[in-house]
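Structure, as structure tokens:
Residue numbers (the numbering used here): 125 to 324.
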């Protein structure tokens, strides 16, 4: 396992030549509006964490870890659940201390969670308003007119997924819950995200 420095810069910035030559540095040249998991090296880091190939991730600031508060929160919590320490230079923060969650980091994450809940409610309200307007105009199509997407309830009611949810609610990590329930880490992460978003 190793330490990786993650850098996100806009496509117009050209000051990363020195870091690019470092094998322990991953750089995403992209807009900050792109979710962390959809960035080339953001996705790579998540896979490395899932495969126990990294134990520490250094960033200039936690705002480099997502497109908005909710995305940043999910990214930090995912890495924390996988036992990966996120170190932010600007905030002087480490999410883990000796493998255990840092109380100060936990406080900041809880503040982020409160902000993200407010942000999420605003997004949902705008979506509801948009759907209502589209339905009134007769132009709304469920799921873009494609096959109906599996609902959250249907997804979580699957036997293994339900077991994973139970383990997560009992305070187990993503990796341990996935192992006990017989699901992948990716599925366990999705269940964890739904658990937080839906306050299950």
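The beta-carbon is built from N, C-alpha and C at its ideal position, and this holds for glycine as well.
Nonlocal neighbours in the same chain, by C-beta distance under 7 Å from residue 236, ignoring five residues either side: The count along the chain shown starts at 1 and reaches residue 236 at position 112. Sequence-distant partners of residue 236 (beyond 5 residues in either direction) whose C-beta falls short of 7 Å from its own C-beta, in its chain, are 193, 196, 197.
Sufficient close CB pairs (3 or more, under 8 Å) joining the region 250-264 to the region 218-228: Touching, no, given that fewer than three Cβ pairs across the two stretches are closer than 8 Å.
Residue burial classification, residue 169 (beta-carbon count within 10 angstroms, cutoff 16): Here residue 169 refers to the residue found at position 45 of the chain shown. Buried is the call here.
Chain C within 8 Å of residue 289, Cβ atoms only: Among the chains in the structure shown there is no chain C, since it carries only a single protein chain.
Limits of the beta strand (DSSP E) - the one that residue 150 falls within: Start at 1 with the first residue of the chain shown, and residue 150 comes out as number 26. Segment 149-153, the beta strand (DSSP E) holding residue 150.
Nearest candidate by alpha-carbon position, reference residue 287, set 305, 279, 295, 185: For the purposes of this step, residue 287 is taken as the residue at position 163 of the chain shown. Checking every option, the nearest Cα to that of residue 287 belongs to 305.
For residue 134, the nearest candidate out of 188, 310, 285, 183 (CA to CA): One-based indexing of the chain shown puts residue 134 at position 10. When each option's Cα is compared against that of residue 134, the closest is 188.
DSSP three-state assignment for residue 209, whether helix, strand or coil: The residue labelled residue 209 in the question sits at position 85 within the chain shown. Strand, per DSSP.
Simplified DSSP state of residue 272, which is helix, strand or coil: Position 148 of the chain shown, counted from the first residue, corresponds to residue 272. Residue confidence is low: residue 272 scores 47 on pLDDT, short of 50, so the model does not pin down where it sits. Its coordinate-derived value is still stated next. Coil.
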